[in-house]
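Below is one structure, written out as structure tokens, with a few remarks after it.
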Ligand code: NAP
């Protein structure tokens, strides 16, 4: 966290779930924001966010909520972005900063170019590399972004001041901000985050649809639960990620399938040496490459 906190007068948070709620909590904790206006689909989420003190007022209409905004953060599932951009375009003040937390960046940028062409100097796309398998405002907490990366993928049109202000906002949450090319971001995240989620969902289904399902779950070891924790994540969010980052995810799945083929071949051929070497290389890569980098 920086000593000098940014002062956001009126933050409009479209989406007050795990990520949006945690951002509001983190900014309020260090007094970096005066007023938070929350937008969600359901009144239930709005009431809970008000009760928890995460937002100061609630509106269900995003277009109305952005009037007078200093900063707008879009934190809803990805496929709702184009419709929301359209809805806010008319009332978004010319001097308001806008950013998002979507897990895929090229899709968001394309939607912003289409629906917010007059605001591109002040639209700074972002993605906090932080989360849990839980969702909703009740799962949010102020410490979520501490010592985590937040990736910004600035547009060529962005002013330096806009990028600096969004960067300062995230720094105030305790995050470490880095800038990245959007296509590179989508390719890296497809391999490191999207592929593991696809595999975890598939593995759970593999056991859930097995004729001996009950026995399978009864005797599943701790490793199975560790490995599949992320399969408890929100299905709508992961549907949207798969549908908005198609090519990089398909490439990552293909790459993974060829690794499974290596194992299938070695097992069929009874090639113990190849299996030992394969597992040894993977263990060495994990032990050396990921040590100290594990986040949760
Ligand atoms: P979440 O906890 O499910 O919250 C989503 C919020 O968006 C809820 O307040 C929901 O309102 C609202 N919402 C959904 N559709 C909407 C619509 N059409 N119009 C207005 N509001 C709508 O989701 P989250 O985990 O915070 O994820 C939000 C975004 O962050 C996603 O784009 C995701 O890719 C990104 N992200 C997630 C993670 C993670 O680990 N979860 C990490 C990094 C980035 P209701 O409560 O009324 O349904």
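Numbering (the numbering used here), first residue to last: 5 to 300.
Glycine included, every Cβ here is placed at the ideal spot set by N, Cα and C.
Since this is a predicted model, take the numbers as computed values, not measurements.
Backbone secondary structure at residue i - three-state DSSP
i           : result
residue 1   : Missing from the structure shown is residue 1; the chain here goes from 5 to 300 and no further.
residue 10  : coil
residue 105 : coil
residue 364 : With the chain covering only 5 through 300, there is no way to say anything about residue 364.
residue 62  : strand
residue 70  : coil
residue 300 : With a pLDDT of only 44 at residue 300, under 50, the local geometry of the prediction cannot be trusted, and the value read off the model is given with reservation. It is coil, neither helix nor strand.
residue 133 : coil
residue 281 : helix
residue 43  : strand
residue 167 : helix
residue 3   : With the chain covering only 5 through 300, there is no way to say anything about residue 3.
residue 27  : helix
residue 294 : coil
residue 275 : coil
residue 19  : coil
residue 52  : helix
residue 156 : strand
Buried versus exposed, by CB contacts within 10 Å (16 or more), residue i
i           : result
residue 188 : exposed
residue 27  : buried
residue 113 : buried
residue 146 : buried
residue 306 : Here the chain covers residues 5 to 300 and nothing more, so residue 306 does not appear.
residue 210 : exposed
residue 57  : exposed
residue 216 : exposed
residue 96  : buried
residue 300 : Note that residue 300 has pLDDT 44, beneath the 50 cutoff, so the model's placement of it is unreliable and no number is given.
residue 294 : exposed
residue 214 : exposed
residue 244 : buried
residue 286 : exposed
residue 223 : exposed
residue 2   : As displayed, the chain neither begins before 5 nor continues past 300, which places residue 2 out of reach and without an answer.
Cutoff 9 Å: residue i Cβ touching any chain D Cβ
i          : result
residue 75 : Absence of chain D from the displayed structure is noted, only one protein chain being present.
Cβ separation of residue i and residue j, assumed to be a contact under 8 Å, to the nearest whole Å
i           : j           : result
residue 67  : residue 14  : With 8 Å as the limit, residue 67 and residue 14 do not qualify as a contact, their Cβ atoms being about 16 Å apart.
residue 204 : residue 253 : Contact doesn't hold; Cβ gap of about 14 Å is too wide.
residue 201 : residue 256 : Between residue 256 and residue 201 the Cβ distance is about 11 Å, and since that is not below 8 Å, they are no contact.
residue 17  : residue 77  : 5 Å
residue 282 : residue 267 : 7 Å
residue 196 : residue 108 : Actually they do not touch by this definition, with Cβ atoms about 13 Å apart.
residue 235 : residue 208 : 5 Å
residue 183 : residue 156 : 5 Å
residue 87  : residue 59  : With 8 Å as the limit, residue 87 and residue 59 do not qualify as a contact, their Cβ atoms being about 22 Å apart.
residue 120 : residue 93  : 6 Å
residue 124 : residue 161 : 4 Å
residue 75  : residue 12  : 5 Å
residue 137 : residue 233 : 6 Å
residue 85  : residue 134 : That pair is no contact at about 20 Å.
residue 110 : residue 190 : 5 Å
**Report entry** Touching by the beta-carbon criterion (3+ pairs, under 8 Å), the stretch 42-60 and the stretch 21-29
**Finding:** yes
Query raised in the report: At what residue ranges does the stretch 183-240 contain a whole run of the alpha helix (DSSP H), taking only runs of 4 or more?
Result: 186-193, 199-212, 217-222, 226-232
Report task. Determine contact between the stretch 96-107 and the stretch 125-138, defined as no fewer than three beta-carbon pairs at a distance below 8 Å. Result -> yes
Query raised in the report: Is the stretch 166-182 in contact with the stretch 238-253, if contact means three or more CB pairs nearer than 8 Å?
Result: no
Query - Cβ pair count under 8 Å reaching 3, the stretch 29-45 against the stretch 141-160 - result: yes
Report task. Specify whether the stretch 216-229 and the stretch 166-173 touch according to this definition: at least 3 beta carbon pairs, one from each stretch, less than 8 Å apart. Result -> no
Report task. May I have a chain-ordered list of the beta strand (DSSP E) segments no shorter than 3 residues that lie completely inside the stretch 70-98? Result -> 75-78
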